[in-house]
Every structure is written in structure tokens, then in C-alpha cells.
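**Student:** With our numbering applied, the sequence shown corresponds to residues 1398 to 1535, in that order.
First the structure, then my questions, so here it is.
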Amino acid sequence: MFWCSRLLSLYPKGKWMAEELKKSILVIDDADAIRTFLRISLGDLGMKVTEAKTAQDGLRAFRDQSPDYVALDLGLPDDDGIEVLRQIKADGAGKRTHVIVLSARYGNKIKDEARALGALAFIPKPFVIDDLLEVIGC
């Protein structure tokens, strides 16, 4: 069971929020620092975090685990993140998985393409954890 303890901290002492979140996220990013940052930050909030460094490892992990969320970098060493997004959303399980693009690529064209393929949000790098938490709702 995974709880978002951040939500519990919003309530006054003595009052408990019984909402069980059970959220999982797959982080597909070739940058070790980003994966570590998200593993620690989201793990501390009770999320189950799985990491992948390449597109192929990410797609394999996605198929094995069907996470609630995918944090996806577009600049992966073995394939373009847009193609990964396309494959995730074409998969039956991908229809219920929320993909959040985290990328240093800017511009309306890439944002529009990601959204047209079904990305829930596009968060430009560098980002702060609160940007991601707002999208996740945690």
C-alpha cells in the first residue's frame, strides 16, 4: 500500500485522511540525477517508483508493471521520447496510464505533439518537484 503522506500533513493534528492513493510511477530518463531526484522525492511521499534509463527498458518496465504514471524524457539515447509516448498510448494499458513529459525541448510544436498523442502534461526542464506533484495530485 502506498500513501501520499504529503496530503496527511495538510490536515490538523488528530484528523486523518483515509484516502489511499496507491500510486506508482515509471521514470524514463537517461539522466541519473533526474531519476535519483524523483525516486527519492516521490518515494518519500509513498509512491512506488520504477526507473528506466533507455526507451527500450522503459517500454519493457511499462508492459511489466502498468504504472499509474510515466514521467518521460524526450531525449533518450536509443529512441525519441515521442515514439515511446506513441507506443505507450497504443498499448491497451496505456489508455489508463497518465504520461507526463519532462523535457528540455521547448516550443509549442513539441508540446502540441505530446498532448495530441495523449500526454497529460508537459513540464519543461529544469523543474521543481511541486510542478510534478501538482499534475499527479499528490
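Cβ coordinates follow ideal geometry from the N, Cα and C atoms, glycine included.
(1) Only counting the same chain, and skipping five residues up and downstream in sequence, which positions put a Cβ closer than 6 Å to that of F1519?
(2) I'd like to confirm the pairing. Which residues does DSSP put opposite V1467 in its beta bridges?
(3) What are the boundary residues of the beta strand (DSSP E) that includes T1447?
(4) Is it right to say T1433 is buried, meaning 16 or more other beta carbons lie within 10 angstroms of its own, or is it exposed?
(5) I'd like to confirm the pairing. Which residues does DSSP put opposite D1477 in its beta bridges?
(6) Out of L1517, A1501, G1440, I1526, which one is the CA nearest neighbour of Y1466?
(7) Under 8 Å by Cβ, that's how I've got I1526 and A1468 pegged, so tell me the actual separation to the nearest angstrom.
(8) The beta strand (DSSP E) spanning A1518 covers which residue range?
(9) Under a Cβ-count criterion, where at least 16 other Cβ atoms within 10 Å of its own Cβ denotes burial, should K1420 be classed as buried or exposed?
(10) One question on the structure: do D1470 and D1427 come within less than 8 Å of each other, judged by their Cβ atoms?
(11) Taking the alpha helix (DSSP H) that G1515 belongs to, which residues open and close that run?
(12) Report the residue from G1504, G1491, R1493, L1456 whose alpha carbon sits nearest the alpha carbon of P1521.
**Tutor:** According to the data block:
(1) V1498, K1508, A1511
(2) L1423, V1496
(3) 1445-1449
(4) exposed
(5) G1472
(6) L1517
(7) Actually they are not in contact, since the Cβ atoms of I1526 and A1468 sit about 11 Å apart, beyond 8 Å.
(8) 1518-1521
(9) buried
(10) yes
(11) Element bounds for G1515: n/a, residue is neither H nor E.
(12) G1504
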